[in-house]
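Undergrad: So the sequences go chain by chain: A and B. Those letters in the first sequence? Residues 26 to 245, by the numbering used here. Those letters in the second sequence? Residues 26 to 245, by the numbering used here.
There are 2 protein chains.
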Amino acid sequence: MSTDLDQNVVLRGERELVERAAPLFAGAREEFVCAAAHPRTWALPGAREQIIAARRAHPGVRAYKLYGSEVLADDTAVRLLTDIAGHGPQVRILDGQIPHETIVVDRRVAVIAGEMRAGDREFTVVRTPAVVAGILALYWATWHNAVDLADHTAEVPALGEQSRDILALLADGMKDEAACRQLGISLRTYRRRVAELMELLDADSRFQAGLRARSLGLVP
Amino acid sequence: MSTDLDQNVVLRGERELVERAAPLFAGAREEFVCAAAHPRTWALPGAREQIIAARRAHPGVRAYKLYGSEVLADDTAVRLLTDIAGHGPQVRILDGQIPHETIVVDRRVAVIAGEMRAGDREFTVVRTPAVVAGILALYWATWHNAVDLADHTAEVPALGEQSRDILALLADGMKDEAACRQLGISLRTYRRRVAELMELLDADSRFQAGLRARSLGLVP
DNA sequence: GAGCCGCTGGCACCAAGCTGCCAAACCAGC
DNA sequence: GCTGGTTTGGCAGCTTGGTGCCAGCGGCTC
Numbered sequence: 026m027s028t029d030l031d032q033n034v035v036l037r038g039e040r041e042l043v044e045r046a047a048p049l050f051a052g053a054r055e056e057f058v059c060a061a062a063h064p065r066t067w068a069l070p071g072a073r074e075q076i077i078a079a080r081r082a083h084p085g086v087r088a089y090k091l092y093g094s095e096v097l098a099d100d101t102a103v104r105l106l107t108d109i110a111g112h113g114p115q116v117r118i119l120d121g122q123i124p125h126e127t128i129v130v131d132r133r134v135a136v137i138a139g140e141m142r143a144g145d146r147e148f149t150v151v152r153t154p155a156v157v158a159g160i161l162a163l164y165w166a167t168w169h170n171a172v173d174l175a176d177h178t179a180e181v182p183a184l185g186e187q188s189r190d191i192l193a194l195l196a197d198g199m200k201d202e203a204a205c206r207q208l209g210i211s212l213r214t215y216r217r218r219v220a221e222l223m224e225l226l227d228a229d230s231r232f233q234a235g236l237r238a239r240s241l242g243l244v245p
Numbered sequence: 026m027s028t029d030l031d032q033n034v035v036l037r038g039e040r041e042l043v044e045r046a047a048p049l050f051a052g053a054r055e056e057f058v059c060a061a062a063h064p065r066t067w068a069l070p071g072a073r074e075q076i077i078a079a080r081r082a083h084p085g086v087r088a089y090k091l092y093g094s095e096v097l098a099d100d101t102a103v104r105l106l107t108d109i110a111g112h113g114p115q116v117r118i119l120d121g122q123i124p125h126e127t128i129v130v131d132r133r134v135a136v137i138a139g140e141m142r143a144g145d146r147e148f149t150v151v152r153t154p155a156v157v158a159g160i161l162a163l164y165w166a167t168w169h170n171a172v173d174l175a176d177h178t179a180e181v182p183a184l185g186e187q188s189r190d191i192l193a194l195l196a197d198g199m200k201d202e203a204a205c206r207q208l209g210i211s212l213r214t215y216r217r218r219v220a221e222l223m224e225l226l227d228a229d230s231r232f233q234a235g236l237r238a239r240s241l242g243l244v245p
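1. Under a three-way DSSP split, which group does Ile210/B fall into?
2. Determine the DSSP secondary structure at Asp176/A, reduced to helix, strand or coil.
3. Could you check the C-alpha separation between Arg133/A and Ala110/A for me, to the nearest Å?
4. Are the Cβ atoms of Ala138/A and Glu126/A separated by less than 8 Å?
5. Pull up the CB-CB distance for Pro124/B and Ala204/A, whole angstroms please, since I reckon it's below 8 Å.
6. Are the beta-carbon atoms of Arg146/B and Glu39/B separated by less than 8 Å?
7. Since Leu228/B and Arg237/B should fall inside the 8 Å C-beta cutoff, what is the C-beta to C-beta distance between them, to a whole number of angstroms?
8. Could you name the residues that DSSP lists as bridge partners for Asp100/B?
9. As a quick exercise: from His112/B, Val129/B and Val103/B, pick the residue whose alpha carbon is nearest that of Val58/B.
10. Is there a Cβ from chain A that is less than 8 Å from the Cβ of Gln207/B?
11. Once you ignore the five residues that flank Leu42/A on each side, which residues in its own chain have a CB closer than 7 Å to its CB?
12. Rounded to a whole number of angstroms, what is the C-alpha to C-alpha distance between Ala47/B and Val136/A?
13. Identify the contact partners of Arg239/B in chain A, using a Cβ-Cβ distance below 9 Å as the criterion.
14. Where Arg117/A and Leu91/B are concerned, what is the direct C-alpha to C-alpha distance, given to the nearest angstrom?
15. If you reduce the DSSP assignment to three classes, tell me which class Ala62/B lands in.
16. Consider the Cβ of Gly139/A: report whether some Cβ of chain B lies at a distance smaller than 8 Å.
17. Put Glu55/A into one of helix, strand or coil per three-state DSSP.
18. Tell me the rounded alpha-carbon separation between Thr107/B and Ala175/B.
19. Give me the Cβ distance between Leu212/A and Asp201/A, rounded to the nearest whole Å; I'm assuming they're in contact under 8 Å.
20. Within 10 angstroms of the Cβ of Ala21/B, are there 16 or more other Cβ atoms? Answer buried if so, exposed if not.
21. Who are the neighbours of Val244/A on chain B, taking C-beta pairs under 7 Å?
22. Let's test the definition: count the other Cβ atoms within 10 Å of the Cβ of Ala158/B and tell me whether it reaches 16, buried, or not, exposed.
23. Would you say Ser230/A lies against chain B (beta-carbon separation less than 8 Å)?
24. Within 10 angstroms of its Cβ, does Ala171/B collect 16 or more other Cβ (buried), or is it exposed?
25. To the nearest angstrom, report how far apart Asp197/A and Pro245/A are at their CA atoms.
26. Tell me whether the beta-carbon of Thr167/A lies closer than 8 Å to the beta-carbon of Thr167/B.
27. Apart from the five residues on each side of it in sequence, which residues of its chain come closer than 6 Å, Cβ to Cβ, to Ala98/B?
28. Going along chain B in order, which residues have a C-beta closer than 7 Å to the C-beta of Glu147/A?
29. Whole angstroms is fine: what's the gap from Asp173/B's alpha carbon to Asp120/A's?
30. Can the beta-carbon of Val156/A be found less than 8 Å from the beta-carbon of Val151/B?
31. If you draw a straight line from the alpha carbon of Val34/B to that of Leu225/B, how long is it in whole angstroms?
32. I'd like to know whether the C-beta of Leu119/A is nearer than 8 Å to at least one C-beta of chain B.
33. DSSP state of Thr28/A, grouped into three classes?
34. Going by CA-CA distance only, name the one from Ser240/A, Tyr164/A and Arg104/A that's closest to Ala60/B.
35. Can you give the Cα-Cα distance for Glu56/A and Leu49/A, rounded to whole angstroms?
36. Compare the Cα-Cα distances from Ala53/A to each of Val86/A, Ala220/A and Arg45/A and report the closest residue.
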């Protein structure tokens, strides 16, 4: 373990992290921000629960948790995060990857996870105020562009193959007449499909449907 | 000036920054990433040009420049950045603020601008690998969600007050009949406006118009 | 004033979209 | 085979959207 004027410390392995930094996490008084690829970041059993329990003892702490979009593919992770979000912390999902876990406590101390080395991960604890502030600045910039977990799970009505085709045709600005011929279905059925789609998107007009479809990323 | 094992250094004032870190910037061999609120960050005359000239001498260096959305309001800044983008560096605009300037050179050294102190700004130079990597991770996450300057200047057809109202009404899913009454104009004129809007958006159908309006961020 | 814009709104007409109704077709399971 | 439920498509009628045409109303210059 190397020390820079006792400001910046490198910890090796989660055990050491838990021993040295857990009190630090639990000691959060105002703000606890965290970015990670996936909630299952703490390999060490119990460490996670310990920290969560400590945090729940201080409900005044604002907690912000940011994850990469890959968690959305993991149902149990989504459930876990939804549960967490129900207990106070704000949870957002970033459209992209978060390769390095980062935690900042009370705007004073940052912990950055690093590479594996000799089977253990390294964690760097940073206290230099300007560096912590710089990390936070980037964090908030990223946070601002991420979307709330609730919005993420609410959306994406999971539509079928044909519905996607129809959306594509609508997006091309094609008339119903031409679109239904292209799909090899009758005009009546095509419009039925569109109506179903609009109901699914909770849209009152086709304009609104286009809007929603774009918002939900259902169309390129 | 305090030193942590000569790894992390705090520099006071731009003069010291230029003296100590300019060679570092100019020495970039692979990658030069930078985030700032505004390109007019270097108060010291000449420093900026010096660095740019040095960088142009090494065209192999990939340069990434990220700015806050406030620069879009500054015409001269936009022109400057467009010029820069024409010379190789990628320039993106983030939808939000970037309160702390950050520069990372060759994935090895990070410079973070801090507070004013005694009339001078402080700059912190970080070399700790994990911290630099963590900063970069957040940087790229942010970068990924920012949009290219060129896209930004190309889009946004700059529509008037009433057009925005009409977009809002369309987005509400309101019928033309109701919308025109709300605006206090005739149905005929309302539809004229909508037709103009659709031409502006290059849309063949209202669905497509909704799509485009959303893509261009013309509607919340 | 007359004459010339450019914009607006009313009318008419057509095109496009929406939906109820019913018969035909399809697809289980029996 | 038959039977009951679902899906499809045609028809019809209605609503909504789209646009050409022209009259009216400013504001403008000459």
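Using N, Cα and C, we set each Cβ at its ideal position, and we do this for glycine too. These numbers were taken from a predicted model, which means no experiment stands behind them.
TA: Let me lay it out:
1. Position 185 of the second sequence, counted from the start, is the residue given in the question as residue 210/B. In this structure, Ile210/B counts as coil in the three-state DSSP scheme.
2. Counted from its first residue, the first sequence places residue 176/A at position 151. In the structure shown, Asp176/A sits in a helix (DSSP, three-state: H, G or I).
3. For this step, residue 133/A is matched to residue 108 along the first sequence. For this step, residue 110/A is matched to residue 85 along the first sequence. So the alpha carbons of these two residues sit roughly 24 Å apart.
4. What you label residue 138/A is simply residue 113 of the first sequence in a count that begins at 1. What you label residue 126/A is simply residue 101 of the first sequence in a count that begins at 1. Yes.
5. As a first step, residue 124/B must be located in the second sequence, where it is residue number 99. As a first step, residue 204/A must be located in the first sequence, where it is residue number 179. That belief does not hold up - the Cβ atoms of Pro124/B and Ala204/A are roughly 49 Å apart, past 8 Å.
6. For the purposes of this step, residue 146/B is taken as residue 121 along the second sequence, with counting starting at 1. For the purposes of this step, residue 39/B is taken as residue 14 along the second sequence, with counting starting at 1. For Arg146/B and Glu39/B, yes; Cβs fall inside 8 Å.
7. Locating residue 228/B in the second sequence gives position 203, counting from the first residue. Locating residue 237/B in the second sequence gives position 212, counting from the first residue. In the sequence as presented, Leu is not what sits at residue 228/B; that position holds Ala. Correct: roughly 6 Å between the Cβ atoms.
8. Indexing the second sequence from 1 puts residue 100/B at position 75. Looking at the DSSP assignment, Asp100/B forms no beta bridge with any residue, so it has no partner.
9. By one-based count along the second sequence, residue 58/B stands at place 33. Considering only alpha carbons, the answer is Val129/B.
10. Along the second sequence, one-based indexing puts residue 207/B at 182. Judged by the 8 Å Cβ criterion, Gln207/B is not in contact with chain A.
11. One-based indexing of the first sequence puts residue 42/A at position 17. Leu36 and Phe148.
12. Taking the first residue of the second sequence as 1, we reach residue 47/B at position 22. Taking the first residue of the first sequence as 1, we reach residue 136/A at position 111. Answer to the nearest angstrom: the Cα atoms are 29 Å apart.
13. Locating residue 239/B in the second sequence gives position 214, where the first residue counts as 1. The answer, in chain order, is Gly235, Leu236, Arg237, Ala238, Arg239 and Ser240.
14. Taking the first sequence and counting its residues from 1, the one referred to as residue 117/A is at position 92. Taking the second sequence and counting its residues from 1, the one referred to as residue 91/B is at position 66. Straight-line Cα distance between these residues: approximately 22 Å.
15. Here residue 62/B refers to the residue found at position 37 of the second sequence. Note: Ala62/B maps to coil in three-state DSSP.
16. Stepping through the first sequence from its first residue, residue 139/A is reached at position 114. Yes, its Cβ sits closer than 8 Å to a Cβ of chain B.
17. Residue mapping note: residue 55/A aligns to position 30 of the first sequence, counting from 1. Glu55/A falls in the coil class under three-state DSSP.
18. Along the second sequence, one-based indexing puts residue 107/B at 82. Along the second sequence, one-based indexing puts residue 175/B at 150. About 8 Å.
19. Position 187 of the first sequence, counted from the first residue, corresponds to residue 212/A. Position 176 of the first sequence, counted from the first residue, corresponds to residue 201/A. With a Cβ gap of about 6 Å, Leu212/A and Asp201/A count as contacting.
20. With chain B represented from 26 up to 245, any question about residue 21/B goes unanswered, as that position is not in the structure.
21. As a working note, residue 244/A is residue 219 in the first sequence. Per Cβ cutoff of 7 Å: Leu236.
22. Here the question's residue 158/B lines up with position 133 in the second sequence. With 16 or more other Cβ atoms within 10 Å, it is buried.
23. As a working note, residue 230/A is residue 205 in the first sequence. Yes, Ser230/A counts as interfacial toward chain B.
24. On the second sequence, residue 171/B is found 146 positions in, with the first residue counted as 1. By the 10 Å Cβ count, Ala171/B comes out buried.
25. Sequence index remark: in the first sequence, residue 197/A carries index 172 (1-based). Sequence index remark: in the first sequence, residue 245/A carries index 220 (1-based). Taking the straight line from one Cα to the other gives about 11 Å.
26. Numbered from 1 along the first sequence, position 142 holds the residue referred to as residue 167/A. Numbered from 1 along the second sequence, position 142 holds the residue referred to as residue 167/B. For Thr167/A and Thr167/B, yes; Cβs fall inside 8 Å.
27. Along the second sequence, read from residue 1 onward, the residue named residue 98/B stands at position 73. Correct list: empty, nothing qualifies.
28. Against the first sequence, residue 147/A aligns to sequence position 122. Per Cβ cutoff of 7 Å: Ala155.
29. Counting from one through the second sequence, the residue named residue 173/B turns up at place 148. Counting from one through the first sequence, the residue named residue 120/A turns up at place 95. C-alpha separation (whole angstroms): 17 Å.
30. To locate residue 156/A, count along the first sequence from 1; it is residue 131. To locate residue 151/B, count along the second sequence from 1; it is residue 126. Cβ distance < 8 Å, so Val156/A and Val151/B count as in contact.
31. Residue numbering aside, residue 34/B sits at position 9 when the second sequence is read from its first letter. Residue numbering aside, residue 225/B sits at position 200 when the second sequence is read from its first letter. The straight-line gap from Cα to Cα measures roughly 53 Å.
32. As a working note, residue 119/A is residue 94 in the first sequence. Closer than 8 Å to some Cβ of chain B, the Cβ of Leu119/A qualifies, so yes.
33. Indexing the first sequence from 1 puts residue 28/A at position 3. Confidence at Thr28/A is low in this model, with a pLDDT of 39, below 50, so the placement of that residue should be treated as unreliable; the coordinate-derived value is given next. The answer is strand: DSSP assigns Thr28/A an E or B state.
34. Sequence index remark: in the second sequence, residue 60/B carries index 35 (1-based). Here the closest residue by C-alpha is Tyr164/A.
35. Residue numbering aside, residue 56/A sits at position 31 when the first sequence is read from its first letter. Residue numbering aside, residue 49/A sits at position 24 when the first sequence is read from its first letter. Approximately 12 Å, taken between the alpha carbons.
36. Within the first sequence, numbered from 1, the residue matching residue 53/A stands at position 28. Minimum Cα distance to Ala53/A is reached at Val86/A.
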